[in-house]
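Using my numbering, you'd call the opening residue of the sequence shown number 32 and step up by one each time. All remarks here apply to the structure that follows.
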Amino acid sequence: MNRRWIAYFSQTGSEIYQISKALGRFPDKIITNNWLENKTTINPKLRKEASDRLFFCYKPDIRAYKAFIRETDLVTLHGWLKIVPPEICNKYEIYNGHPGLITLYPELKGKDPQKRAFKGKYERIGCVIHKVIAEVDAGEVEASAATDKLDDMTEDDIIETLHDMSIELWTGFLKGKI
């Protein structure tokens with residue numbers, strides 16, 4: 032399949048970079064609201080190798096989403112810290128990666144599930160890819176991965192484990208979609 036892939040991020044874009052390397056291709060467009068003054072926080076390899084695909088969108092609104100996305104595009108969110116408007120969720124095929132095993136622990140929906148998984152008494156940790164709908168982290172789960180949470184895991188261990196798990200999950204998911 033050869034579809035346009037549009038990826039959004041608000042933080043460093045490191046996940047997009049690692050997924051792209053695993054797939055052997057970058058997204059056709061990469062949109063961030065990590066504004067120009069903060070560009071030093073964007074993964075330097077992503078800035079260097081995909082600068083021609085990197086677009087800044089300071090305040091994403093319906094018009095801004097429509098300017099970047101076509102109806103046949105596949106859109107992925109990688110640490111996109113903005114709520115996607117319902118009109119956009121309903122019009123486009125959008126997926127979000129979430130570093131919380133919400134299939135087993137629905138209370139991990141929302142911001143910073145890795146920190147809550149560390150502090151909580153969870154036996155398993157994991158991540159999911161879900162369809163984006165108007166309700167936050169509530170769309171149908173398309174893929175998931177999990178592992179046992181070890182008692183000696185630090186918060187950083189959990190974050191790193193979930194990050195690596197997410198890269199593998201996204202890579203497998205996207206191979207069949209783009």
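Cβ coordinates follow ideal geometry from the N, Cα and C atoms, glycine included.
Between the C-alpha atoms of GLU154 and ILE125, what's the straight-line distance to the nearest angstrom? 30 Å
Counting along the chain, where does the alpha helix (DSSP H) carrying ARG215 start and finish? With the chain covering 32 to 209 only, the question about residue 215 has no answer from this structure.
Take the Cβ of GLU166 as the centre, count every other Cβ of all protein chains shown within 10 Å, and call the residue buried at 16 or more, exposed below. exposed
Using a threshold of 8 Å, state whether the C-beta atoms of THR107 and TRP36 are closer than that. yes
Status (buried if at least 16 other CB within 10 Å, exposed otherwise) for GLU171: exposed
Can you check the stretch 140-169 for any alpha helix (DSSP H) of at least 4 residues that lies completely inside it and give the ranges in chain order? 144-150
I'd like to know whether the C-beta atoms of LEU77 and GLY110 end up nearer to each other than 8 Å. no
So which of GLY203, ARG101 and GLY131 has the shortest CA-CA distance to GLY157? GLY131
In angstroms, rounded to a whole number, what distance separates the CA positions of ILE47 and ASN127? The straight-line gap from Cα to Cα measures roughly 12 Å.
Residue of LYS146, GLY203, GLY207 and VAL163 minimising C-alpha distance to LEU193: Comparing Cα positions, the closest option is LYS146.
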